[in-house]
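Heads up, the thing below is written out as structure tokens.
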Amino acid sequence: MTSPSAILGIALSSEIKFGLNFIHPIMMVALLAATLYAGYLGWQWRVTRQMPASEEKKALAKQRFNQRHYIWGSAILAIMVTGNVGGIAVTYINNGKLFVGPHLIAGLGMTALIASAAAVSPQMQKGQDWARNTHIVLNTALVGLFGWQAVTGIQIILRIIRNYYNGN
Ligand code: HEM
Ligand code: HEM
Numbered sequence: 181m182t183s184p185s186a187i188l189g190i191a192l193s194s195e196i197k198f199g200l201n202f203i204h205p206i207m208m209v210a211l212l213a214a215t216l217y218a219g220y221l222g223w224q225w226r227v228t229r230q231m232p233a234s235e236e237k238k239a240l241a242k243q244r245f246n247q248r249h250y251i252w253g254s255a256i257l258a259i260m261v262t263g264n265v266g267g268i269a270v271t272y273i274n275n276g277k278l279f280v281g282p283h284l285i286a287g288l289g290m291t292a293l294i295a296s297a298a299a300v301s302p303q304m305q306k307g308q309d310w311a312r313n314t315h316i317v318l319n320t321a322l323v324g325l326f327g328w329q330a331v332t333g334i335q336i337i338l339r340i341i342r343n344y345y346n347g348n
């Protein structure tokens with residue numbers, strides 16, 4: 181069979197193919213930390229927004245949690261979509277197929293969740309509570325799936341390392 185990297189017109193040594201496996205997991209573990217931080221910023225903004233006018237509210241508002249959350253959130257959206265595509269690409273380059281298992285399905289589901297959560301941003305900015313609640317529910321599900329994705333992802337990376345050193 182013509183290998184996937186040959187179809188792309190590039191010959192990859194087995195070392196490079198092995199090395200490619202580490203880009204996606206490293207990127208995604210950093211993304212998990214960034215997602216938790218973005219969640220913290222979003223929550224701080226909610227607390228600030230709901231606080232009655234006071235000196236404390238003014239002090240919190242100075243920290244611009246809403247703008248910082250928006251910047252982090254947007255970056256996370258881009259990196260998650262790219263990382264998902266990357267995980268699929270590397271799996272295909274190395275195996276000539278995808279493995280339809282929990283990691284693939286949950287990864288695709290997470291990508292749909294974060295796209296939908298980001299899509300209600302204009303309504304949140306208009307002050308619509310339904311949009312805020314939708315955003316929070318979708319992103320809470322996202323964080324839950326992310327924890328599971330880390331577990332199945334680490335299982336995959338351990339299997340890849342084991343197979344490489346066993347010469348498979
Ligand atoms: C949390 C830490 C994560 C770890 C440690 C991890 C690890 C891995 C590993 C080792 C692979 C095999 C391909 C490769 O080596 O590059 C992989 C594939 C993949 N990853 Fe991840 N991943 C993580 C998070 C994510 C997230 C957040 C998504 C999507 C939003 C995702 C989506 C995918 C997909 C779709 C594949 C292809 C699966 C297949 O066809 O078998 N991963 N991941
Ligand atoms: C997909 C990327 C994301 C984008 C584009 C985004 C964007 C936004 C925007 C525009 C707001 C409204 C800010 C305002 O009212 O000025 C917001 C609020 C919020 N976001 Fe996100 N966000 C993202 C990801 C996340 C994630 C991953 C979490 C949680 C882990 C999260 C949790 C929250 C919370 C708790 C609020 C406060 C809602 C309220 O004011 O009641 N967001 N987000």
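So the numbering used here is basically just the index in the sequence shown, starting at one, shifted up by 180. Cβ coordinates follow ideal geometry from the N, Cα and C atoms, glycine included.
Check	Outcome
Please specify which runs of the alpha helix (DSSP H), each continuous and at least 4 residues long, are wholly inside the stretch 233 to 265, giving them in chain order.	235 to 241
If you drop the 5 nearest sequence neighbours on each side, which residues of the same chain put their C-beta closer than 8 angstroms to that of Val270?	Leu200, Asn201, Ile203 and His204
Could you check if Arg312 belongs to the surroundings of ligand 2, using beta carbon to heavy atom distance under 7 angstroms?	yes
Specify the secondary structure class of Lys277 as computed by DSSP and reduced to three states.	coil
Identify, in the order they occur along the chain, each residue of the same chain with its Cβ nearer than 7 angstroms to the Cβ of Leu221, setting aside the five sequence neighbours on each side.	Phe245, Arg248, His249 and Trp252
Between Ser301, Asn275 and Ile273, which lies nearest to Leu257 when the distance is taken from Cα to Cα?	Ser301
Would you check whether ligand 1 has a heavy atom nearer than 7 angstroms to the C-beta of Val323?	no
Given a cut-off of 8 angstroms on the beta-carbon distance, is the pair Ala299 and Gln329 in contact?	no
With Gly263 and Met208 assumed to form a contact (beta carbons below 8 angstroms), what rounded beta-carbon distance in angstroms separates them?	5 angstroms
Can you tell me whether Ser301 sits near ligand 2, meaning its C-beta is under 7 angstroms from at least one heavy atom of the ligand?	yes
Short of 7 angstroms in beta carbon distance, which residues of its chain neighbour Leu212, apart from the five on each side in sequence? Order them along the chain.	Phe326 and Ala330
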